[in-house]
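Visitor:
There are 2 protein chains.
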Amino acid sequence: MQRCAEWLVGKFERMGLEARAEPTAGCPVVVAKSPRDPAKKTVLIYGHYDVQPAEPLNLWTSPPFDPVIRSGRIFGRGASDNKGQILAHILGVEEALAEGELPVNVVFLIEGEEEIGSKHLGTFLETHREELACDAIAISDTGMAAEGYPTLSYALRGIATMEVRVKGPAMDLHSGIYGGAVANPVTAAARLVASLHDANGRVAIEGFYDAVQPMAPWEREAAKESPVSDEAIAAQAGVKVLAGEAGYSAVERIGARPTAEINGFGGGYQGEGSKTVLPAEAFFKVSFRLVPDQHPDAVLAMARRHFEKHCPAGVTLEMTDGHGGEAFFLDPMQPAGKAAQRALEEVFGKKPALTREGGSIPILTEFQRTLGQPALLLALASPDCRAHAPDENFPVENFLLGIRLNKALLRELANG
Amino acid sequence: MQRCAEWLVGKFERMGLEARAEPTAGCPVVVAKSPRDPAKKTVLIYGHYDVQPAEPLNLWTSPPFDPVIRSGRIFGRGASDNKGQILAHILGVEEALAEGELPVNVVFLIEGEEEIGSKHLGTFLETHREELACDAIAISDTGMAAEGYPTLSYALRGIATMEVRVKGPAMDLHSGIYGGAVANPVTAAARLVASLHDANGRVAIEGFYDAVQPMAPWEREAAKESPVSDEAIAAQAGVKVLAGEAGYSAVERIGARPTAEINGFGGGYQGEGSKTVLPAEAFFKVSFRLVPDQHPDAVLAMARRHFEKHCPAGVTLEMTDGHGGEAFFLDPMQPAGKAAQRALEEVFGKKPALTREGGSIPILTEFQRTLGQPALLLALASPDCRAHAPDENFPVENFLLGIRLNKALLRELANG
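Top line first, the protein sequences correspond to chains V and U.
For the first sequence, the positions run 1 to 416 when the numbering used here is used.
For the second sequence, the positions run 417 to 832 when the numbering used here is used.
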């Protein structure tokens, strides 16, 4: 992490920006600035240099940290999320500086803890509020609605994560000698997981939907007009049949509806063949994707109550809260949003799709709250980018368009 | 495995028996015989030299394959199941031979595949029927009803195992970008596991109990008089509260009622912290403990139908049958059973408990079918032996009593 932060500082300094990697209680935050001209607007460009774990390594076609280009795509961990996308903005500013003057003051803010919930960035924003003051925030950490389709995302889901450990006997037991009389923690954990959804695919935690606003009619219309077909989503995911909450399209389920997703589950014998144990414990990792007005802490409290209520007899629970962040929503018709739409149309040659994204950038609400300015989500990642998964990739074309988009965006924000 | 079989052959040869390790399609079968005197009865002594995997290694107090004695117990993988128990019989015969003549002809049959369902022993019994002809079969591969309490087990549960792989997307997906619209294989697997039991702890597979005989009134009485208390079972297992099928005591649940037990479950991220993936697949390993008249193949077929019927939309199943074996039942009042009870009472100084065991020795029904003789299950393992688990152990006292029991048993069988 330290080496990556230092590489960024060196890159920015060679471009002529004032840059530093500032320590935090976690990973350093990289800040780089052009000289601040009070006559110009200021644009803050945010990204992150941390990545998800690369496991399972055996499912990568080429090693995750030796990037290679195949069929016009760069493969490697972080290719899209977020090293490739933020680098396009860096190179856009580098080109503009080489060609003359920047149309706006630029502040780069690149953190190293996005994938673990931007733990220390909130405090950093508070304490650097003046230095980071700006008129708009530009972020490319989202996916395009369809391949080559310019996309301005006006909403992102929030997130809340927790881990549940289900404890049973003091040790693994012989499933013959004890089986039938001692509660099985794996079965208990499975029953808890099964209790999370009802038969309609809705999250069955009491109160989970209380704060959820219904989608506005114009949003449901926009979702219908989405360039993203169910077939395309199924093909990208590699499934024959989609699934999910009854009454919503796939685009709506992903962008506008909250979920409860199991990210990992383990317990008992994991090797080849059979081992007839009654396991001592099991665990599962659950993440909730949230929509506006759902609060992570409130959702985690509801989930705790749900698991306690549904906990089978004979086992005990240990629940640990993980990271969380609120959902994000920005009216795409305000001036900065319109400037972003113009830049996208200029570079990509067609009107951008306005979409809700399923992913989470928890710090976005912090940006709006602390800096008080609109955050613009300009997608460069391919829908097939495999972020967080093996064979993560980024189209070289998107990388080059991203460089042009940065320049167009800064110009349009200067003018509009 | 080969080295262990060869060690046994060497040991038997030094005792003066004719011994060999006969290859099979799997692990070798060790056969050792005293010269066959047609005037004497013949007793076959069965055991196994294979053991369960020793994982998880970090939960052992001392290394599983470096046996040590602590507080009067030998700790090590196989200490009870089954190396310690079969060795007591071997040393009993060795002592008797050193003291003079054996009261019966002895055939040792020690296999290396008991823990994986005695795959090749059935064929071996068929092809060696004449060589193995006997009047009774003695086996010490079960646990005593209570510490120091002589125990003749008259029933054992059968077993049927299978592994279910639940397949979803072609790769791990970002749980934000796809979550809500793509079925989660871990959640689906958990729902399948949860579907295995009803609210009363009964197995919910259609037809599962059709062949199950109700317990006879004398058996329910014997279970009530069992020296095994619920408190003792809970203490051994290290749980505060027992659980299981409504309407039965813990002893009945373990010995006389069938189960569906999850031995292992895995899917998605297994490491520290969180990784927000929607996993590509999940698996679980299930074993069914069976009672008389339940047939492993029939139960596995019912389980397949159950899982297919309950399979959530958007995932597919791959089911693999594992090993299986029928339950065992022997009337303990027939002559060989009475001889065994006399030997137990002589050595332990009190009347033996007649119990049903929860574990499985799948080959037992093969023995009875092929050799046509009663199999006597003379428990030497402690109730706290931790078979199949870390810190497996065997009391030194039981080992010494086992040597005496072997000699008394052969004498009683010769006379009765």
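Ideal Cβ positions, reconstructed from N, Cα and C, are used throughout, including at glycine.
1) Considering only the alpha carbon of each residue, which of Pro-630(U), Glu-422(U), Phe-428(U) and Tyr-664(U) lies closest to Ala-437(U)?
2) Please check the pair Gly-595(U) and Glu-206(V), which I expect to be a contact at CB under 8 Å, by giving their CB distance rounded to whole angstroms.
3) Just to make sure I have the definition right: I need the residues of chain U whose C-beta is within less than 8 Å of the C-beta of Met-171(V). Which are they?
4) Helix, strand or coil, according to DSSP, for Val-459(U) in the structure here?
5) By the 10 Å Cβ neighbour count, where 16 or more other Cβ atoms means buried, how is Glu-225(V) classified, buried or exposed?
6) DSSP state of Met-587(U), grouped into three classes?
7) Which two residues bound the contiguous alpha helix (DSSP H) that contains Arg-14(V)?
8) So is Met-749(U) buried or exposed if we call it buried at 16+ other beta carbons inside 10 Å?
9) Candidates Thr-24(V), Gly-10(V) and Ala-25(V): which alpha carbon is nearest Glu-18(V)'s?
10) Quick one: what's got a C-beta closer than 6 Å to Arg-489(U)'s C-beta in the same chain, skipping five residues either side?
11) I'd like to confirm the pairing. Which residues does DSSP put opposite Thr-320(V) in its beta bridges?
12) Return helix, strand or coil for Gly-359(V), following the three-state DSSP convention.
13) Apply the 10 Å Cβ neighbour rule to Trp-218(V) and answer buried if 16 or more other Cβ atoms are within range, or exposed otherwise.
14) I need the straight-line Cα distance from Glu-13(V) to Glu-115(V), nearest angstrom please.
15) Measure from the alpha carbon of Cys-134(V) to the alpha carbon of each residue in Ser-140(V), Arg-220(V), Leu-125(V) and Asp-141(V), then state which is nearest.
16) Leu-525(U) bridges to which residues according to DSSP?
17) Return yes when the Cβ of Gly-508(U) is within less than 7 Å of the Cβ of Lys-823(U), no when it is not.
18) Under 7 Å Cβ to Cβ from Thr-440(U), same chain only, skipping five residues before and after it: list those, please.
19) Roughly how many angstroms separate the alpha carbons of Phe-681(U) and Leu-787(U), rounded to a whole number?
20) Select from Asn-498(U), Gly-765(U), Glu-529(U) and Ala-755(U) the residue whose C-alpha is nearest the C-alpha of Val-445(U).
21) For His-613(U), which beta-bridge partners are listed by DSSP?
22) Is it a yes or a no for the stretch 297 to 311 of chain V touching the stretch 609 to 623 of chain U, going by three-plus beta-carbon pairs under 8 Å?
23) Opposite Val-182(V) in the DSSP bridges: which residues?
24) On the DSSP letters alone, give me the boundaries of the beta strand (DSSP E) that Gly-682(U) sits inside.
25) For Ala-246(V), tell me which candidate among Asn-200(V), Ala-237(V) and Arg-257(V) has the shortest Cα-Cα distance.
26) With a floor of 3 residues, list each beta strand (DSSP E) that falls wholly inside the stretch 459 to 543 of chain U, ordered by position along the chain.
27) Are the beta-carbon atoms belonging to Gly-559(U) and Gly-359(V) less than 7 Å from one another?
28) For His-295(V), return the contacting residues in chain U, with the cut-off set at a CB-CB distance below 8 Å.
29) Looking only at its own chain, which residues have a Cβ that is under 6 Å from the Cβ of Ala-627(U), when we skip the five neighbours before and after it?
30) Leaving out five residues before and five after Leu-658(U) in sequence, what residues of the same chain have Cβ atoms less than 7 Å from its Cβ?
31) Can you check whether the CB of Met-171(V) is closer than 7 Å to the CB of Ala-805(U)?
32) What separation, rounded to the nearest whole angstrom, lies between the Cα atoms of Lys-275(V) and Thr-577(U)?
33) Any beta-carbon of chain U closer than 7 Å to the one on His-174(V)?
34) Helix, strand or coil: which one does DSSP assign to Arg-573(U)?
35) Just confirm the distance between the C-beta atoms of Asp-50(V) and Ile-361(V), as a whole number of angstroms; I'd bet it's less than 8 Å.
36) If the cut is a Cβ gap below 8 Å, which residues of chain V does Phe-681(U) touch?
Guide: Quick look at the numbers:
1) Here the question's residue 437(U) lines up with position 21 in the second sequence. Comparing alpha carbon positions, the residue from Pro-630(U), Glu-422(U), Phe-428(U) and Tyr-664(U) closest to Ala-437(U) is Glu-422(U).
2) Translated into positions along the second sequence, residue 595(U) becomes position 179. Translated into positions along the first sequence, residue 206(V) becomes position 206. Wrong, their Cβ atoms sit about 21 Å apart, outside the cutoff.
3) Sequence index remark: in the first sequence, residue 171(V) carries index 171 (1-based). Within chain U, the residues near Met-171(V) are Leu-475, Gly-654, Arg-802, Ala-805, Pro-806 and Asp-807.
4) The sequence position of residue 459(U) within the second sequence is 43, counting from 1. Reduced to three states, the DSSP call for Val-459(U) is strand.
5) Here residue 225(V) refers to the residue found at position 225 of the first sequence. When all chains shown are included, Glu-225(V) counts as exposed.
6) Position 171 of the second sequence, counted from the first residue, corresponds to residue 587(U). Coil, per DSSP.
7) The residue labelled residue 14(V) in the question sits at position 14 within the first sequence. Run containing Arg-14(V): 2 to 15, per the alpha helix (DSSP H) assignment.
8) Mapped onto the second sequence, residue 749(U) falls at position 333. Per the 10 Å Cβ criterion, exposed.
9) Counted from its first residue, the first sequence places residue 18(V) at position 18. Cα-wise, what sits closest to Glu-18(V) is Gly-10(V).
10) For the purposes of this step, residue 489(U) is taken as residue 73 along the second sequence, with counting starting at 1. Excluding sequence neighbours, Arg-489(U) sits near Asn-809 and Pro-811.
11) Along the first sequence, one-based indexing puts residue 320(V) at 320. The bridge partners DSSP lists for Thr-320(V) are Glu-163(V).
12) Start at 1 with the first residue of the first sequence, and residue 359(V) comes out as number 359. Note: Gly-359(V) maps to coil in three-state DSSP.
13) If you number the first sequence from 1, residue 218(V) lands on position 218. Looking at its Cβ environment, which holds fewer than 16 other Cβ atoms inside 10 Å, Trp-218(V) is exposed.
14) Position 13 of the first sequence, counted from the first residue, corresponds to residue 13(V). Position 115 of the first sequence, counted from the first residue, corresponds to residue 115(V). Approximately 26 Å between the Cα atoms of the pair.
15) To locate residue 134(V), count along the first sequence from 1; it is residue 134. When the alpha-carbon of Cys-134(V) is set against those of Ser-140(V), Arg-220(V), Leu-125(V) and Asp-141(V), the nearest one is in Leu-125(V).
16) Along the second sequence, one-based indexing puts residue 525(U) at 109. Paired residue(s): Val-447(U) and Tyr-462(U).
17) The sequence position of residue 823(U) within the second sequence is 407, counting from 1. The sequence position of residue 508(U) within the second sequence is 92, counting from 1. Yes, they are a contact pair.
18) The residue labelled residue 440(U) in the question sits at position 24 within the second sequence. If we look at Thr-440(U) and ignore the five residues flanking it on each side, its Cβ neighbours are His-536 and Phe-540.
19) For this step, residue 681(U) is matched to residue 265 along the second sequence. For this step, residue 787(U) is matched to residue 371 along the second sequence. A straight-line Cα-Cα distance of about 39 Å links Phe-681(U) and Leu-787(U).
20) Within the second sequence, residue 445(U) is the residue found at index 29, counting from 1. Checked all of Asn-498(U), Gly-765(U), Glu-529(U) and Ala-755(U); the closest Cα to Val-445(U) is Glu-529(U).
21) Translated into the one-based positions of the second sequence, residue 613(U) becomes position 197. Per DSSP, Val-619(U).
22) These segments do not touch.
23) Position 182 of the first sequence, counted from the start, is the residue given in the question as residue 182(V). DSSP, once it has assigned bridges, lists Gly-179(V) as partnering Val-182(V).
24) Locating residue 682(U) in the second sequence gives position 266, where the first residue counts as 1. Segment 675 to 684, the beta strand (DSSP E) holding Gly-682(U).
25) Taking the first sequence and counting its residues from 1, the one referred to as residue 246(V) is at position 246. Nearest of Asn-200(V), Ala-237(V) and Arg-257(V) to Ala-246(V), Cα basis: Asn-200(V).
26) Scanning the stretch 459 to 543 of chain U for uninterrupted beta strand (DSSP E) segments of 3 residues or longer gives 484 to 486, 489 to 491 and 521 to 527, listed from N- to C-terminal end.
27) Your numbering for residue 559(U) matches position 143 in the second sequence. Your numbering for residue 359(V) matches position 359 in the first sequence. Contact flag unset, no.
28) What you label residue 295(V) is simply residue 295 of the first sequence in a count that begins at 1. Under the 8 Å cutoff, chain U gives no residues; its nearest Cβ is about 18 Å from His-295(V).
29) If you number the second sequence from 1, residue 627(U) lands on position 211. Within the same chain, Cβ atoms closer than 6 Å to the Cβ of Ala-627(U) are found at Asp-709 and Gln-710, the five residues on either side in sequence being excluded.
30) Here residue 658(U) refers to the residue found at position 242 of the second sequence. Cβ neighbours of Leu-658(U) beyond the five flanking positions: Asp-646, Ile-649, Ala-650 and Ala-666.
31) Translated into positions along the second sequence, residue 805(U) becomes position 389. Translated into positions along the first sequence, residue 171(V) becomes position 171. Contact check for Ala-805(U) against Met-171(V) passes: the beta carbons are separated by less than 7 Å.
32) Residue mapping note: residue 275(V) aligns to position 275 of the first sequence, counting from 1. Residue mapping note: residue 577(U) aligns to position 161 of the second sequence, counting from 1. Cα-Cα distance, rounded: 10 Å.
33) Within the first sequence, numbered from 1, the residue matching residue 174(V) stands at position 174. Closer than 7 Å to some Cβ of chain U, the Cβ of His-174(V) qualifies, so yes.
34) Looking up residue 573(U) in the second sequence gives position 157. Reduced to three states, the DSSP call for Arg-573(U) is coil.
35) To locate residue 50(V), count along the first sequence from 1; it is residue 50. To locate residue 361(V), count along the first sequence from 1; it is residue 361. Between the beta-carbon of Asp-50(V) and that of Ile-361(V) there is about 13 Å, and that puts the pair past the 8 Å contact cut.
36) Position 265 of the second sequence, counted from the first residue, corresponds to residue 681(U). In chain order: Val-186, Ala-189, Ala-190, Phe-265, Gly-266, Gly-267, Gly-268 and Ala-282.
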